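Novice: Residue 82 is where the sequence shown starts when you use our numbering, and the numbers rise one by one after that. The structure under discussion is supplied below as structure tokens; questions concerning it will follow.
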Amino acid sequence: MAAAALGGWPAVCGKFRAARTLSAVESLKDPETEPYRSKYGARALLQEVKQLLSAAEEGGPERVLAVRRAVLEYELGVNHTDTEELSAGEEHLQRCTQLLEPHRLSPDCVSLYIQAQNNLGILWSERDEIETAQTYLESAEALYNQYMKEDGNPPLDPSEHFMAEEEKLTDQERSKRFEKVYTHTLYYLAQVYQHLDMIEKAAQYCHTTLKRQLEYCSYYPVEWARNAATLSQYYISKECFMEARHCLAAASVIFSQAGQVPSAEDVDETEQDQHDLPERKAEIARCWIKYCLNLLQSARKLLEDNIGKLDPDRQLELKAQRKKEEDEKEKGRKKAVLFGTSDICDSVLAMEEKVSSVYPLDFQEAREIFLVGQNYVQEAKEFFQVDGYVTDHIEIVQDHSALFKVLAFFEEDYERCCKMHKRRIDMLEPIYADLNPQYYLLICRQLQCELADTYYEMMDLKVAIGNRLERLDSHTVKKINSLAQFAIKYYELFLDSLRNPDKVFPEKLEEDVLRPAMVAKFHIARLYGKLITSDSKKQLENMQTSLEYYSFLVDYCEKYPDAVPAVETELELSKEMVTLLPASMERLRAKLSPCV
């Protein structure tokens with residue numbers, strides 16, 4: 082290399098460093114009117130460095146110069162991508178990989194090559210060309226694995242190609258930076274797999290990313306916690322409750338570090354993130370609610386008999402089975418999922434101990450999970466208030482109602498069951514009363530069905546309580562009739578919401594409302610049959626109404642046979658009632674008509 086060029090090398094390095102500072106630090110202060118001012122300044126400096134490097138090339142070692150040129154192409158590629166000039170960005174990044182191709186597995190090139198591949202992956206993702214992004218990112222992953230297998234020494238960080246010898250990084254720092262590059266590869270791959278609906282693979286990559294971020298202390302607490310909480314929802318969908326609880330416990334522990342700057346990354350967490358803390362905390366609380374609710378609902382599925390009641394034999398069988406399995410299972414699975422260093426692990430384990438991850442098999446166990454869920458309901462509602470967050474607030478209240486519903490399944494005392502369902506009514510009715518169906522039609526329909534189902538359930542419980550009495554007293558009769566009338570009212574409101582502006586009920590029901598509408602018709606038919614009256618004439622009217630609703634189901638399914646799979650059980654019972662009711666009505670009429 083020419084002496085003049087050598088003399089100018091510190092100046093070249095200085096310009097390169099200035100360009101990186103402009104891009105990474107100064108750009109954060111750019112005014113909204115000139116959002117890319119510092120990025121453009123950095124680009125100009127990089128172009129200058131490129132020219133100085135060209136002038137210095139004569140007589141220099143070709144390999145060293147090629148790598149330095151590749152570093153500049155990479156920086157320019159990222160710069161153009163940041164300023165939304167994707168085509169120019171792609172050109173520079175491609176040039177970078179072409180320059181490095183022959184030496185991509187050497188310690189001075191591998192990190193830069195992987196970073197270029199990562200950025201090409203991001204660039205193609207932004208163009209919605211997900212398969213192309215996948216190719217680049219999987220190639221980066223394969224290169225990392227190959228390098229670690231064949232060499233494994235901490236490779237140079239790209240910035241070192243523009244540093245004086247005495248400024249070079251330690252092996253420890255090189256290793257940390259290289260591992261961070263690979264963590265980014267996995268992070269972007271997780272997103273790509275999610276876009277391609279490869280959900281299991283996405284979850285696996287997300288879990289590995291989160292684990293590595295903690296291991297290398299390279300994360301933003303708020304973002305990390307949010308990703309871990311989101312991952313918990315995948316595990317919940319697979320009924321892997323131990324893993325789901327672990328993710329949520331880790332999310333809560335790491336979230337509590339927000340603002341305490343535990344990692345180098347955290348200083349970059351923006352003011353916006355700090356401002357969003359209450360919302361993020363409430364989002365994690367909502368994930369905990371889903372955890373508790375799904376754990377209880379999955380347990381119910383295991384324990385219920387064919388009519389949806391708790392099966393005591395199944396309960397005993399599952400308790401015996403659980404005792405046998407519990408210890409081995411926990412030991413085996415824990416190893417695979419643990420997050421973080423020992424002190425983080427201790428905090429996470431303490432958090433996990435607050436709620437079970439095994440299926441509750443009796444009321445006491447179910448109640449403990451219910452109470453944890455209910456605490457998170459209060460926490461979530463503190464932020465998601467009805468003013469400003471109508472939909473979110475209602476969803477949280479619906480989850481609270483669902484927690485009571487599933488807890489009632491475990492309760493053997495009918496009176497206490499009724500009280501739990503009454504709590505559901507008390508939380509849902511005021512919300513429904515305040516909603517305008519014009520703007521919230523879907524939510525109104527959900528609430529109409531839930532309120533109707535809850536009154537229906539309470540009416541059934543009151544009938545069961547009445548059946549245990551020697552004779553029905555007038556108070557119980559009144560209560561049964563009142564609950565049945567309320568259930569009918571809400572089912573009718575739901576069915577009316579399906580009518581067109583001329584108040585005509587649709588001839589053919591849309592698929593999304595087919596089952597709810599048919600079940601509503603079926604339940605109304607059954608409710609009219611449950612109304613208690615000493616007036617035989619009134620009883621005959623009720624039976625006639627009941628028959629009309631049962632007949633609707635039968636006629637509809639004859640006309641549209643594709644509706645049958647949605648309502649098989651209800652249809653079978655309706656056909657039976659359509660056959661039996663006319664004969665019962667005939668007998669009642671005979672009683673009513675005076676003997677000739």
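Even for Gly, the Cβ is constructed at its ideal location relative to N, Cα and C. Quantities reported herein were computed from a predicted structural model and do not represent experimental measurements.
Answer yes or no: do Phe420 and Ala284 have a C-beta to C-beta separation smaller than 8 Å?
Specialist: It is not a contact, given that the beta carbons lie outside the stated cut-off.
Novice: From which residue to which residue does the alpha helix (DSSP H) around Asn548 run?
Specialist: Asn548 -> alpha helix (DSSP H) spans 522-548.
Novice: Helix, strand or coil for Ala401? Go by DSSP, reduced to three states.
Specialist: The answer is helix: DSSP assigns Ala401 an H, G or I state.
Novice: Could you give the distance in angstroms between the alpha-carbon of Ile561 and the alpha-carbon of Ser438?
Specialist: So the alpha carbons of these two residues sit roughly 39 Å apart.
Novice: Keeping to the same chain, check which residues put their C-beta closer than 7 Å to that of Ala147; ignore five residues upstream and five downstream.
Specialist: Within the same chain, Ala147 has close Cβ partners Leu180.
Novice: Let me make sure I understand the geometry here. Which of Tyr194, Phe464, Val106 has the alpha-carbon closest to that of Glu364?
Specialist: Among Tyr194, Phe464, Val106, the Cα nearest to that of Glu364 is on Phe464.
Novice: Quick one: is Thr213 near chain D, going by C-beta distance under 8 Å?
Specialist: The question asks about chain D, but that chain is absent: this structure has only one protein chain.
Novice: Can you check whether the CB of Ala447 is closer than 8 Å to the CB of Phe485?
Specialist: No.
Novice: For Pro587, count neighbouring C-beta atoms within 10 Å of its own C-beta (all shown protein chains included) and say buried if the count is 16 or more, exposed if not.
Specialist: By the 10 Å Cβ count, Pro587 comes out exposed.
Novice: Spatial neighbours of His276 within its chain, please: CB distance less than 6 Å, with the 5 preceding and 5 following residues excluded, ordered by chain position.
Specialist: Within the same chain, His276 has close Cβ partners Ile211.
Novice: Going by alpha carbons, who is nearest to Tyr495 out of Asp541, Leu442, Val458?
Specialist: Checking every option, the nearest Cα to that of Tyr495 belongs to Asp541.
Novice: Which residue spans inside the segment 123-175 form an unbroken beta strand (DSSP E) run of at least 3?
Specialist: Runs of the beta strand (DSSP E) inside the segment 123-175: none found.
Novice: Rounded to whole angstroms, how far is the Cβ of Ile335 from the Cβ of Ala309, which I believe are closer than 8 Å?
Specialist: The pair is a contact, with the Cβ atoms about 7 Å apart (cut-off 8 Å).
Novice: Of all the alpha helix (DSSP H) runs that stay within the bounds of the segment 613-659, which reach a length of 4 or more residues?
Specialist: Fully enclosed alpha helix (DSSP H) runs of 4 or longer: 617-640.
Novice: Is Glu510 helix, strand or coil by DSSP?
Specialist: In the structure shown, Glu510 sits in a helix (DSSP, three-state: H, G or I).
Novice: The alpha helix (DSSP H) with Asn684 in it runs from where to where?
Specialist: This structure does not reach residue 684, given that the chain is present from 82 up to 677, and the question cannot be answered.
Novice: According to DSSP, is Glu433 helix, strand or coil?
Specialist: Helix, per DSSP.
Novice: Note down, in chain order, each residue of its chain lying with its Cβ closer than 8 Å to the Cβ of Tyr470, except the 5 sequence neighbours on either side.
Specialist: Phe464.
Novice: Checking the sheet assignment: what are the DSSP bridge partners for Glu385?
Specialist: For Glu385, which the question treats as bridged, DSSP gives the partners Leu391.
Novice: Assuming Pro235 is part of the alpha helix (DSSP H), what are its boundary residues?
Specialist: Unbroken run through Pro235: none, as it is neither H nor E.
Novice: Leaving aside the five residues before and after Phe633 along the sequence, list all residues of the same chain whose C-beta is less than 7 Å from its C-beta, in chain order.
Specialist: Only Lys602 meet the Cβ criterion.
Novice: Could you tell me the boundaries of the alpha helix (DSSP H) in which Leu564 lies?
Specialist: Taken as a continuous stretch (DSSP letters only), the alpha helix (DSSP H) holding Leu564 covers 555-577.
Novice: For Pro91, which three-state DSSP category applies?
Specialist: In this structure, Pro91 counts as helix in the three-state DSSP scheme.
Novice: The alpha helix (DSSP H) with Asn71 in it runs from where to where?
Specialist: Residue 71 cannot be examined here, being either before or after the span of the chain that is shown, 82 to 677.
Novice: If we ignore side chains and look at the alpha-carbon of each, how far apart do Val348 and Ser578 end up?
Specialist: Residue placement at Val348 is flagged as unreliable, the pLDDT there being 47, under the threshold of 50; the coordinate-derived value follows with that caveat. If you take the alpha carbons of Val348 and Ser578, they lie about 52 Å apart.
Novice: Roughly how many angstroms separate the alpha carbons of Asp278 and Ser627, rounded to a whole number?
Specialist: Taking the straight line joining both Cα atoms gives about 46 Å.
Novice: Would you check if the distance between the CB atom of Leu329 and the CB atom of Tyr372 is smaller than 8 Å?
Specialist: Taking 8 Å as the Cβ cut-off, Leu329 and Tyr372 qualify as a contacting pair.
Novice: How far does the alpha helix (DSSP H) with Pro22 in it reach, from first residue to last?
Specialist: Outside the displayed span of the chain (82 to 677) sits residue 22, for which this structure offers no information.
Novice: Taking the Cβ atom as the reference point for each residue, do Glu171 and Leu201 lie within a distance shorter than 8 Å?
Specialist: In contact: Glu171 and Leu201 (Cβ atoms closer than 8 Å).
Novice: Please work out which residues of its chain come closer than 6 Å, Cβ to Cβ, to Leu270, disregarding the five sequence neighbours upstream and downstream, and give them in chain order.
Specialist: Contacts found: Leu218, Tyr286.
Novice: Under the rule that 16 or more other beta-carbon atoms within 10 Å means buried, what is Gly389, buried or exposed?
Specialist: Exposed, because fewer than 16 other Cβ atoms sit within 10 Å of the Cβ of Gly389.
Novice: Quick one: Cα of Glu433 to Cα of Gln314, how far?
Specialist: Roughly 16 Å between the two C-alpha positions.
Novice: Below 6 Å CB to CB, which residues in the same chain sit around His184 once its five sequence neighbours on both sides are set aside?
Specialist: Correct list, in chain order: Cys190.
Novice: Helix, strand or coil for Gly202, going by three-state DSSP, please let me know.
Specialist: In the structure shown, Gly202 sits in a helix (DSSP, three-state: H, G or I).
Novice: I need the straight-line Cα distance from Ser428 to Val262, nearest angstrom please.
Specialist: Approximately 28 Å, taken between the alpha carbons.
Novice: By the three-class DSSP mapping on this structure, what secondary structure does Tyr263 have?
Specialist: Tyr263 falls in the helix class under three-state DSSP.
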